[in-house]
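**Q**
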Amino acid sequence: MILFDRCRAALFTAEGRPHHDGETFSLGPLRFACDGRAGSVTFAGPAIVVNDGGAYLSVEHALAGGALDPAMRLRAALAFEEDAGTPDLVAPPPRFGRLQGAIEIAGRRLNLDAVARVGVSVTGLGAGRFEIRRTIWARFASGSRIAALEVCETAERNQSIHRDARILTENGWRTAEVGAIELTTREPAAPPDRIAASIIAPRGAEAELNGAVRSFMSLSRPGADGVRIHTTLGFAEFSLGGERGAGMFEYSRVVGRPDAAMDEIR
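Residues are numbered in the numbering used here as their position in the sequence shown, beginning at 1, plus a constant of 395.
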């Protein structure tokens with residue numbers, strides 16, 4: 396999936412199992428190679444281009460308004476940055492780097508020079524037994540006091556709220572505290588009006604995280620126990636204590652259950 400021009404989306408899907416050969420994974424025309432120090436992402440094949448990022452709340456609506464690009468191409472090189480220190484975390488931390496190359500899409504060629512993140516997905520639903528979930532990851536400029544962060548707020552069905560955060564400093568990944576995350580949308584097909592959170596580092600230093608949406612799309616996905624989940628996700632520019640960076644956001648919420656009418660939760 397490629398998000399571009401703020402609210403346009405290009406989507407390729409393929410059936411079958413990915414092929415694994417050493418340090419390379421491939422599925423149809425999509426190929427990802429990575430050896431822990433560097434890698435590459437390449438693609439050459441068809442994709443559906445949809446001009447409205449909110450259209451995928453209904454797949455039928457999105458496909459009806461989409462156009463086929465029979466020869467979308469992506470070729471980019473991935474170079475990892477060295478992340479110092481040993482994490483105090485159970486879950487494996489991500490790796491960050493730069494992704495540089497070019498995309499040919501919808502008759503245009505776009506140069507790519509972006510922050511890259513490789514790790515456990517922050518947008519996957521997993522068990523999906525929540526009412527609302529908000530997640531953010533961001534990478535900041537080299538030399539920043541906080542080089543990267545990941546935050547998550549989950550409102551469970553029993554009304555309890557859990558917040559988790561981890562930050563990357565010169566000493567490696569560490570857990571941190573996070574205040575309430577501000578990440579909501581006016582309507583399911585709209586981008587967030589505001590992205591913000593307060594981050595409290597282990598020694599008590601506090602910084603305010605703010606984000607500005609650069610691209611987004613909205614999805615309707617099946618969750619556990621037959622529920623329907625609306626997700627708004629995308630990429631944003633972030634600032635934290637005067638430092639600037641880039642990353643991703645996700646806002647998911649249960650909007651309907653098999654035994655109830657649609658009752659969107661905000």
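All C-beta atoms, glycine included, are put in the ideal place defined by N, C-alpha and C.
Every value quoted in this text rests on a predicted model; they were computed, and no experiment measured them.
(1) How would you write the range of the alpha helix (DSSP H) that Glu455 sits in, first residue to last?
(2) Quick one: give me the first and last residue of the beta strand (DSSP E) that Arg493 is part of.
(3) Might you give, ordered along the chain, the residues of its own chain that have their beta carbon closer than 6 Å to the beta carbon of Arg490, omitting 5 neighbours on each side?
(4) Check each candidate in Gly461, Gly460, Ala501, Thr419 and name the one with the smallest Cα separation from Arg468.
(5) Starting from Glu577, trace the beta strand (DSSP E) in both directions and tell me its first and last residue.
(6) Can you give, in chain order, each stretch of the beta strand (DSSP E) that sits fully within the region 400–459 and has at least 3 residues?
(7) Pull up the distance between the alpha-carbon of Tyr451 and that of Arg540, whole angstroms please.
(8) Helix or strand or just coil, what does DSSP make of Glu659?
(9) Can you look up Val650 in the DSSP assignment and give me helix, strand or coil?
(10) Spatial neighbours of Asp559 within its chain, please: CB distance less than 6 Å, with the 5 preceding and 5 following residues excluded, ordered by chain position.
(11) If you pair each beta-carbon of the region 632–642 with each one of the region 421–435, do three or more pairs fall below 8 Å?
(12) Drop a sphere of 10 angstroms on the beta-carbon of His625, count the other beta-carbons inside from all chains shown, and report buried for 16 or more, exposed for fewer.
(13) If distances are taken between C-alpha atoms only, which option among Val444, Ile531, Val573 comes closest to Arg589?
(14) Using the C-alpha atoms, what's the distance from Leu544 back to Gly567?
(15) Is the Cβ-Cβ distance between Pro465 and Pro441 less than 8 Å?
**A** From the atom records:
(1) Where Glu455 is concerned, the enclosing alpha helix (DSSP H) stretches over 454–459.
(2) 490–500
(3) Phe475, Val513
(4) Among Gly461, Gly460, Ala501, Thr419, the Cα nearest to that of Arg468 belongs to Ala501.
(5) First-last of the beta strand (DSSP E) with Glu577: 577–580.
(6) 403–406, 414–416, 419–422, 425–429, 433–445
(7) Going from the Cα of Tyr451 to the Cα of Arg540 covers about 38 Å.
(8) Note that Glu659 scores a pLDDT of 43, beneath 50, so its modelled location is shaky; the value from the coordinates is reported in the next line. Here Glu659 sits in coil by DSSP.
(9) strand
(10) Cys547
(11) The way I'd put it, the region 632–642 doesn't touch the region 421–435; fewer than three beta-carbon pairs between them come closer than 8 Å.
(12) Residue burial annotation: His625 is buried, with at least 16 other C-beta atoms found within 10 angstroms of its C-beta.
(13) Ile531
(14) 11 Å
(15) One thing to note: Pro465 has its Cβ within 8 Å of the Cβ of Pro441.
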